[in-house]
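There are 2 protein chains.
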Amino acid sequence: MFKVAVFVGSLRRESINRKFAKTLEKLGQPSFAFHYVELGDLPMYNDDLWADPPASVLRLKADIASADAVLFVTPEYNRSIPPVLKNAIDWATRPYGKNSWAGKPASIVGASPGVIGTAVAQEHLRYLATIIGLILMGQPEVYFSFKPGLVDENFEVTDETTRQFLESYLSRFEAWISRVGEPKEA
Amino acid sequence: MFKVAVFVGSLRRESINRKFAKTLEKLGQPSFAFHYVELGDLPMYNDDLWADPPASVLRLKADIASADAVLFVTPEYNRSIPPVLKNAIDWATRPYGKNSWAGKPASIVGASPGVIGTAVAQEHLRYLATIIGLILMGQPEVYFSFKPGLVDENFEVTDETTRQFLESYLSRFEAWISRVGEPKEA
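Residue numbers (the working numbering), protein chains in the order written: chain A, 51 to 236; chain B, 51 to 236.
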């Protein structure tokens with residue numbers, strides 16, 4: 051079982067990206083254990099705060115350190131990623147020489163009600179993922195068009211083709227972590 | 051005289067981008083009146099907060115509305131812009147149909163101690179600037195390499211060539227605002 055630190059890029063209560071993450075979590079059992087990283091209490095990045103680092107920042111770095119892999123579930127804001135994700139990215143790369151992301155297997159997905167399904171935001175995030183040293187899975191791409199009824203109130207996918215696609219995505223992610231991640235203790 | 055809403059993308063006290071902004075402010079008198087937009091007290095973007103919008107968000111939108119132009123002074127964080135700028139960008143584009151940035155003349159500059167002078171962060175910001183409907187001045191580009199002694203404690207540029215370049219940049223920005231901005235009352 052792989053521990054996955056999950057970064058949902060929306061803070062709103064009824065976030066469809068959070069629902070999508072919970073859908074993946076359910077489909078991914080028992081191969082994955084999802085941990086939802088708290089992003090809402092991180093202060094806006096300010097280099098001065100390293101003099102006495104906020105508990106939320108240290109917790110963020112510990113959450114990444116203890117995970118086998120990282121999963122971003124991003125909405126699209128103005129054709130890029132939300133500030134809450136850039137903030138987490140920047141905090142965890144610091145202090146200099148202590149980049150928490152380096153060498154972690156990672157994947158990016160996103161959900162939107164619209165037709166392009168966060169494709170442009172994901173592209174920006176892919177770029178950042180390489181800059182911060184994640185080992186990013188490129189395929190399959192997941193641009194999830196969150197239509198009413200596609201996921202029910204128990205986070206079950208109601209459409210068979212969609213469910214199979216997401217299961218196949220999760221299998222690929224599991225294989226990716228096995229291949230590129232830190233060797234597991236025997 | 052043009053009122054310029056200035057967005058400094060760093061919150062730290064000794065920010066070189068803030069010093070650079072103050073240097074430009076001094077050189078730009080009396081053609082420009084700089085207003086430094088407060089970014090540190092904006093909450094992280096959360097769509098739910100529009101139900102009862104924070105005063106800091108309404109103030110941000112009013113600051114942009116009352117300005118003749120917008121100036122971004124950005125550091126580079128992980129080869130992109132800092133979260134504090136993306137956050138301001140996203141807040142001010144909302145609510146839907148009330149994008150505060152639309153049609154404002156704008157320019158982007160940045161300072162760093164290093165050799166590339168925020169060039170990559172600026173490129174990301176140029177992209178976002180077009181997405182959010184700013185009327186962005188493309189030239190001249192300003193990648194300010196902030197070497198010790200280049201700006202003194204009174205925000206005076208000590209090197210003559212650099213001073214002339216920045217004065218020429220400011221003249222171009224003034225002409226840009228005159229050309230593309232809202233017609234001034236007679």
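Glycine included, each C-beta is placed from N, C-alpha and C at the ideal position.
Inter-residue spacing [alpha-carbon to alpha-carbon] between residue i and residue j
| i | j | result |
| --- | --- | --- |
| residue 213 (chain A) | residue 207 (chain A) | 6 Å |
| residue 110 (chain A) | residue 104 (chain A) | 10 Å |
| residue 116 (chain B) | residue 178 (chain A) | 34 Å |
| residue 68 (chain A) | residue 163 (chain A) | 13 Å |
| residue 123 (chain A) | residue 102 (chain A) | 30 Å |
| residue 273 (chain B) | residue 143 (chain B) | As shown, chain B starts at 51 and ends at 236. That puts residue 273 (chain B) outside it, with no answer to give. |
| residue 232 (chain B) | residue 118 (chain B) | 7 Å |
| residue 133 (chain B) | residue 93 (chain A) | 10 Å |
| residue 192 (chain B) | residue 54 (chain B) | 17 Å |
| residue 197 (chain A) | residue 203 (chain B) | 58 Å |
| residue 66 (chain B) | residue 157 (chain B) | 18 Å |
| residue 145 (chain B) | residue 107 (chain B) | 11 Å |
| residue 138 (chain A) | residue 223 (chain B) | 34 Å |
| residue 220 (chain B) | residue 186 (chain A) | 42 Å |
| residue 120 (chain A) | residue 199 (chain B) | 43 Å |
| residue 188 (chain B) | residue 127 (chain B) | 22 Å |
| residue 230 (chain A) | residue 183 (chain A) | 13 Å |
| residue 77 (chain B) | residue 194 (chain B) | 15 Å |
| residue 190 (chain B) | residue 159 (chain B) | 10 Å |
| residue 96 (chain A) | residue 62 (chain B) | 6 Å |
| residue 218 (chain A) | residue 51 (chain A) | 17 Å |
| residue 135 (chain A) | residue 59 (chain A) | 6 Å |
| residue 89 (chain B) | residue 150 (chain B) | 15 Å |
| residue 83 (chain A) | residue 56 (chain A) | 10 Å |
Residue i, buried or exposed, once every other Cβ within 10 Å from all chains shown has been counted against 16
| i | result |
| --- | --- |
| residue 279 (chain B) | This structure does not reach residue 279 (chain B), given that chain B is present from 51 up to 236, and the question cannot be answered. |
| residue 73 (chain A) | buried |
| residue 147 (chain A) | exposed |
| residue 71 (chain B) | buried |
| residue 172 (chain B) | buried |
| residue 168 (chain A) | buried |
| residue 161 (chain B) | buried |
| residue 87 (chain B) | buried |
| residue 98 (chain A) | exposed |
| residue 125 (chain A) | buried |
| residue 165 (chain A) | exposed |
| residue 155 (chain B) | buried |
| residue 75 (chain A) | buried |
| residue 91 (chain B) | exposed |
| residue 113 (chain A) | buried |
| residue 209 (chain B) | exposed |
Which of helix, strand or coil DSSP assigns to residue i
| i | result |
| --- | --- |
| residue 218 (chain A) | helix |
| residue 237 (chain A) | Nothing can be reported for residue 237 (chain A): it is not among the residues displayed for chain A, which extend from 51 to 236. |
| residue 193 (chain B) | strand |
| residue 228 (chain A) | helix |
| residue 200 (chain A) | coil |
| residue 177 (chain A) | helix |
| residue 117 (chain A) | coil |
| residue 60 (chain B) | coil |
| residue 66 (chain A) | helix |
| residue 154 (chain B) | coil |
| residue 223 (chain A) | helix |
| residue 92 (chain A) | coil |
| residue 81 (chain B) | coil |
| residue 185 (chain B) | strand |
| residue 165 (chain A) | coil |
| residue 159 (chain A) | strand |
| residue 170 (chain A) | helix |
| residue 87 (chain A) | coil |
Partners in chain A for residue i, counting only beta-carbon separations shorter than 8 Å
| i | result |
| --- | --- |
| residue 63 (chain B) | 98 |
Against chain A: residues of the stretch 115 to 144 of chain B by CB proximity under 7 Å: 127, 128, 129, 130, 132, 133, 134, 136, 137, 139, 140, 143
The stretch 66 to 99 of chain B: positions lying closer than 7 Å to chain A by Cβ: 90, 94, 95, 96, 97, 98
Residues from the stretch 177 to 210 of chain A in contact with chain B, defined by Cβ distance under 7 Å: 178, 181, 182
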